[in-house]
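Chains as they are written, first to last, in full-length UniProt numbering: chain A, 1 to 489; chain B, 1 to 489.
The structure is reproduced here in structure tokens:
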């Protein structure tokens with residue numbers, strides 16, 4: 001527990017603090033929204049190499065913004081990405097920036113990304129995905145919540161201190177990448193390379209690439225990892241007419257469907273041997289913690305529009321969302337996927353599926369388990385087609401200690417801005433870089449989300465609410481002040 | 001058997017016939033190829049409603065061509081197509097044309113279509129699919145073989161008689177449609193409506209919408225039908241992030257894969273109850289006939305690029321290609337189908353699969369068998385997602401008597417042009433209109449292919465060889481002459 005004096009001083013500070021900073025943020029709201037609009041307008045879809053010029057432009061815009069604020073900015077070349085056809089394409093550079101270098105202050109490093117998931121109007125968006133559209137205070141646009149607004153909120157935080165001519169209470173560094181949605185290709189090596197330079201004076205790493213669980217603000221202390229697989233079945237040398245050849249050819253699509261159907265049972269049980277056995281058991285303490293979290297199953301169901309979930313009680317549901325693995329089949333490349341009908345036997349089909357990783361799973365082991373299993377299942381079919389299983393992403397899970405001072409500071413900042421205790425939650429998704437930061441730098445990490453629980457990340461109609469964007473900026477301002485009080489490691 | 005005199009007269013005729021007509025055809029080869037190039041340039045993909053203007057233009061071009069030749073041409077309005085969103089779009093009009101109306105002559109009606117399957121360069125075409133490209137005498141282009149060149153070969157046939165100022169030996173009618181690749185939507189009703197008008201004086205119907213089995217010319221006496229299904233599984237109201245929601249949601253894609261995997265076994269056995277029982281047994285006579293057909297399994301395998309087929313002997317292979325049903329899973333709409341990775345749980349996925357129909361299957365019964373089966377398999381999964389199975393095409397198989405005079409005339413024409421006996425073959429694909437013509441008009445039908453065995457219908461790099469196009473035109477010229485000798489029904 002903290003001494004009472006700390007809270008009294010903090011409370012006194014808050015009165016002044018709130019007045020200056022929060023008023024400043026409120027009065028600059030429209031400017032913040034306009035910047036977000038400019039950023040969302042850049043289709044920085046890192047999964048589509050044809051969009052790579054937009055990704056490069058997004059990194060340049062980010063660097064220019066930080067440069068204009070007087071930061072010490074670098075655009076770090078992290079090499080090239082190898083494409084399936086053997087060609088290469090340049091990776092978006094990583095932006096690093098530094099504001100302040102006072103050795104007597106704490107140094108935080110804010111991580112974020114400015115690349116986005118794919119989005120097309122015809123996927124079912126109500127508005128143009130790259131034209132930020134304000135509907136009742138919700139700002140709709142691809143990447144608004146994941147992760148452009150949170151990155152901007154951190155930038156606005158530094159701007160606010162600067163505008164009010166008040167020294168930053170901590171040194172602030174930024175590391176902003178453009179490949180997060182596609183596995184943060186190249187970033188790990190860059191972090192390793194700069195371990196003793198850029199990261200040498202960093203005390204804490206802050207990540208705001210996640211969201212709240214409910215309307216209650218939250219701090220996130222764990223994420224699942226992700227092993228993403230391609231399973232390719234190749235048969236005839238080209239697509240065939242299903243009338244002319246159907247019945248004579250062993251069809252790759254039938255083989256692929258057959259092996260995909262052995263991954264997971266209808267009740268959600270992973271059928272790949274060894275996966276479930278590796279999962280850390282659920283402790284009583286954990287069970288109790290889940291039990292206390294504010295989470296309304298009915299509103300969760302209604303939000304996603306389903307009548308029934310995989311589990312009907314809160315603990316099972318949260319546990320399977322955060323601390324158990326799962327298999328998702330995302331789709332199949334190479335088969336007929338358009339509207340209407342086509343009488344084709346696809347010659348080569350590639351299933352995309354992924355397995356979320358949790359402690360104590362190891363991606364290297366999972367890769368072997370999945371590959372061995374699928375090859376053995378496929379062998380039983382006695383098909384002449386060729387199966388190739390590859391793991392293209394292998395991201396580890398991450399778990400923090402919620403009693404660390406960094407989290408205590410987070411709780412205090414949330415209390416200050418929102419006047420509630422935050423929920424302590426985990427994230428079902430993956431922020432693989434958290435694990436890398438931890439492993440390489442050995443520094444403590446906190447995840448401090450400002451995105452809403454209903455922001456629709458990775459799906460149609462992604463949005464960031466004005467409320468979360470603006471109050472989130474205030475939270476970051478308050479948090480830097482809290483971190484300044486922490487004892488240097 | 002025909003009287004010897006017939007063959008003697010025919011032989012005498014051939015000497016003159018060959019000289020005039022065949023020389024004319026040979027000397028107009030470049031003109032024919034240019035017309036085919038103009039036709040292939042129109043992207044008349046009937047499956048894509050956005051391409052509908054091209055389909056309309058293709059029908060207009062066809063009508064104009066026939067009109068310019070002095071035919072009595074009509075563009076018949078066959079109504080509208082209903083789209084999934086409830087809107088409607090005009091169907092391509094059907095072109096009918098008539099050359100000659102001498103009641104003392106036989107009247108043949110040539111059926112063809114000028115719409116095509118989808119094609120994109122990036123599907124793996126070596127040349128632009130809508131730019132007819134001559135490589136070593138092979139004319140590559142979407143729709144070249146299926147069915148634009150055969151339709152043009154029939155048009156060139158009439159042109160040749162006209163150019164040489166020789167009366168057509170039979171009256172020739174044309175019925176050319178623009179929706180064949182999408183189930184000949186609207187054509188059945190049009191044929192029924194014109195049964196006692198356009199079709200009243202038709203004696204025989206000729207279809208050249210198929211191909212040879214080997215390098216040996218062939219006559220086709222049977223086709224499989226096709227029941228094309230959509231199986232839609234709908235879950236959440238929108239796509240979800242697989243990290244954030246994976247493990248809590250019963251995923252539509254998992255359900256869909258699960259039910260698709262129950263359609264057919266790895267060894268090609270259809271698992272839907274009742275389907276196999278409906279198939280007419282293979283007779284000894286049929287077995288013997290298949291045994292005699294020229295068919296080289298090794299070259300078939302090497303052509304499609306597989307090391308092993310579903311069956312290793314000729315009779316099983318031909319039988320399963322022509323006279324047994326099969327299931328093909330064409331693809332899935334709504335799932336992630338692009339290159340790269342996307343961590344999405346698709347909210348609504350629609351599988352496209354089809355079952356080839358053979359005697360004595362009945363599409364109405366098959367519809368019920370498939371629907372009942374899939375609903376029962378799905379029910380066992382106890383999924384809250386919604387399954388909707390619809391049959392969007394229900395085309396019956398067709399079978400002709402190879403001893404009919406129409407086929408004898410065909411054999412004679414093949415002998416005349418190619419100096420070989422044709423193979424008598426069936427077609428694994430579907431030309432549903434054959435069954436309709438038979439059922440509605442009661443007239444005899446012959447299928448007289450000119451396309452090569454390796455034309456790549458419905459797949460990448462479709463082509464029509466110059467040889468088949470030009471010699472095929474000669475075959476049609478010879479055939480009209482043979483038909484003129486048939487006794488009127």
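The beta carbon of each residue, even a glycine, is placed where N, CA and C say it ideally should be.
Residue from the options whose Cα sits closest to the Cα of residue i
i, options, result
"residue 491/B", "271/B, 404/B, 61/B", "Nothing can be reported for residue 491/B, as the shown portion of chain B is limited to 1 through 489."
"residue 269/A", "34/A, 288/A, 61/A, 324/A", "324/A"
"residue 310/B", "60/A, 229/A, 102/A, 254/A", "254/A"
"residue 429/A", "252/B, 76/B, 244/B, 256/B", "244/B"
"residue 407/A", "339/A, 471/A, 482/A", "482/A"
"residue 232/A", "349/A, 110/A, 204/A", "349/A"
"residue 385/B", "234/B, 180/B, 224/B", "234/B"
"residue 65/B", "279/B, 36/B, 88/B", "36/B"
"residue 252/B", "308/A, 34/A, 248/A", "308/A"
"residue 393/A", "453/A, 226/A, 326/A, 165/A", "226/A"
"residue 447/A", "458/A, 466/A, 457/A, 475/A", "475/A"
"residue 377/B", "102/B, 363/B, 273/B, 286/B", "273/B"
"residue 84/A", "218/A, 292/A, 48/A, 106/A", "48/A"
"residue 76/A", "169/A, 191/A, 148/A", "191/A"
"residue 257/A", "316/A, 346/A, 285/A, 444/A", "346/A"
Presumed contact (8 Å Cβ cut-off) between residue i and residue j, rounded CB distance
i, j, result
"residue 150/A", "residue 208/A", "4 Å"
"residue 73/B", "residue 95/B", "7 Å"
"residue 330/B", "residue 242/A", "7 Å"
"residue 352/A", "residue 174/A", "About 32 Å separates the two Cβ atoms, so there is no contact after all."
Enclosing alpha helix (DSSP H) for residue i [first to last residue]
i, result
"residue 120/B", "Counting along the chain, residue 120/B falls outside any alpha helix (DSSP H), and DSSP gives it neither H nor E."
"residue 373/B", "363 to 381"
"residue 468/B", "466 to 484"
"residue 187/B", "187 to 193"
"residue 245/B", "242 to 245"
"residue 35/B", "29 to 40"
"residue 320/B", "314 to 322"
Residue environment, residue i, which counts as buried when at least 16 other CB atoms sit within 10 Å
i, result
"residue 135/B", "exposed"
"residue 2/B", "Low confidence applies here, because residue 2/B scores a pLDDT of 48, under 50, leaving its location unreliable; read the following figure in that light. Looking at its Cβ environment, which holds fewer than 16 other Cβ atoms inside 10 Å, residue 2/B is exposed."
"residue 82/A", "exposed"
"residue 478/A", "buried"
"residue 424/A", "buried"
"residue 111/B", "buried"
"residue 470/B", "buried"
"residue 221/B", "buried"
"residue 480/A", "buried"
"residue 288/A", "exposed"
"residue 357/A", "buried"
"residue 4/A", "Only weak support is given to the placement of residue 4/A: the predicted model assigns it a pLDDT of 48, under 50, and the question is left unresolved by the model."
"residue 334/A", "buried"
"residue 118/B", "buried"
Residue-chain proximity (residue i, chain A), Cβ-Cβ < 8 Å
i, result
"residue 261/B", "yes"
"residue 306/B", "yes"
"residue 192/B", "no"
"residue 354/B", "yes"
"residue 178/B", "no"
Cutoff 8 Å: residue i Cβ touching any chain B Cβ
i, result
"residue 239/A", "yes"
"residue 3/A", "For residue 3/A, the pLDDT reaches just 48, beneath the cut-off of 50, and the residue's location in the model is therefore unreliable, leaving the point undetermined."
"residue 243/A", "yes"
"residue 433/A", "no"
"residue 490/A", "The displayed coordinates of chain A run from 1 to 489. Any statement about residue 490/A would go beyond what the structure contains."
"residue 326/A", "yes"
"residue 226/A", "yes"
Endpoints, the beta strand (DSSP E) within which residue i is located
i, result
"residue 204/B", "204 to 207"
"residue 329/A", "327 to 333"
"residue 497/A", "The structure shown does not extend to residue 497/A, since chain A spans only 1 to 489, so no value can be given for it."
"residue 285/A", "Residue 285/A -> not in any beta strand (DSSP E); alpha helix (DSSP H) instead, spanning 284 to 292."
Residue i CB to nearest heavy atom of the ligand ADP below 7 Å
i, result
"residue 323/A", "The ligand ADP is absent from the structure shown, which contains no ligands of any kind."
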